[in-house]
């Protein structure tokens, strides 16, 4: 996650598509962290 933040700081992208994609990724990571898939 730290590398992703650093990458965003080094490569600023203001496109709505990238913002939406980044939001989905963050939400997905949060859901995966708090609700791990049942095996």
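Numbering (the working numbering), first residue to last: 1 to 39.
Think of the CB as a built atom: it goes at the ideal place given N, C-alpha and C, for glycine as much as any other residue.
Where residue i and residue j are concerned, what is the direct C-alpha to C-alpha distance, given to the nearest angstrom?
i: residue 38; j: residue 32; result: 11 Å
i: residue 19; j: residue 3; result: 17 Å
i: residue 30; j: residue 21; result: 14 Å
i: residue 28; j: residue 17; result: 16 Å
i: residue 35; j: residue 24; result: 16 Å
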